[in-house]
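Residue 155, in our numbering, is where the sequence shown stops; the numbers in between run on with no holes. Just so you know, even glycine gets a beta-carbon here, dropped at the ideal spot from N, CA and C. These notes are about the structure you will find just below.
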Amino acid sequence: MIRLPDPQATEAFGAMLAKRVRPGDVITLVGTLGSGKTSVARGLLAALGLAGEAPSPSFAIVQPYEPPEVRFPVLHVDLYRIDDPAEIEELALDDARYDSLLLVEWPERAGPDYWPDALRLSLTIEPDGTRSLTIGVPEAWKSRWPT
């Protein structure tokens, strides 16, 4: 477990992730509203070259980023408003994995194990207002993840 004392630390963790990601990867972000999911994504996107603040994809559901604004294509996905997992198929996210990084907030809306090879980040809000981050590292990430 990693303690993230403030939004800047949360974004800094996202920036650290940018050194390890590549097209075809999926990172899932689990946590309640306000737990820091979008802050992690913003830090990662900024480290990949995005100038300015990345908007939350809550209403758009999928916010795409393409070069030259970022190093390689990224889809920032927010499944919060998805009620039926079948709706996810319409988003064609599996097709995007060929050349894009997927950052998926609220992945539990897709059902269990929808992205079994995803780096799983789970954020919780602690009683003192800090965030705790638990990381699930799948086999596909073991060679690039610090031990």
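Range covered by the beta strand (DSSP E) that runs through residue i
| i | result |
| --- | --- |
| Val70 | Val70 to Tyr73 |
| Glu113 | Leu109 to Glu113 |
| Ser140 | Arg139 to Gly144 |
Bridge partner(s) assigned by DSSP for residue i
| i | result |
| --- | --- |
| Arg50 | Arg50 pairs with nothing; no bridge assigned. |
| Asp86 | Glu113 |
| Arg30 | Paired residues: none, contrary to the question. |
Residues near residue i in its chain [Cβ-Cβ closer than 6 Å; skip 5 each side]
| i | result |
| --- | --- |
| Gly57 | Val78 and Arg79 |
N- and C-terminal bounds of the alpha helix (DSSP H) containing residue i
| i | result |
| --- | --- |
| Thr18 | Pro15 to Leu25 |
| Leu99 | Neither: Leu99 is in no alpha helix (DSSP H) and is coded neither H nor E. |
Distance between beta carbons of residue j and residue i, contact taken as under 8 Å
| i | j | result |
| --- | --- | --- |
| Leu83 | Ser66 | Contact doesn't hold; Cβ gap of about 14 Å is too wide. |
| Leu52 | Gly22 | 4 Å |
| Val38 | Ser130 | 4 Å |
CA nearest to the CA of residue i, picked from the options
| i | options | result |
| --- | --- | --- |
| Asp92 | Ile69, Ala118, Tyr73 and Leu99 | Ala118 |
| Thr138 | Gly42, Ala26 and Met24 | Gly42 |
| Ala54 | Glu74, Gly39 and Thr40 | Glu74 |
| Val112 | Glu147, Ser47 and Arg152 | Ser47 |
| Ala104 | Gln71, Glu147, Ala94 and Lys27 | Gln71 |
| Pro115 | Tyr106, Glu134 and Glu95 | Glu95 |
Other residues of its chain near residue i: CB distance less than 8 Å, five sequence neighbours each side excluded
| i | result |
| --- | --- |
| Ile69 | Val85, Asp86, Leu87, Arg89, Ile90 and Leu99 |
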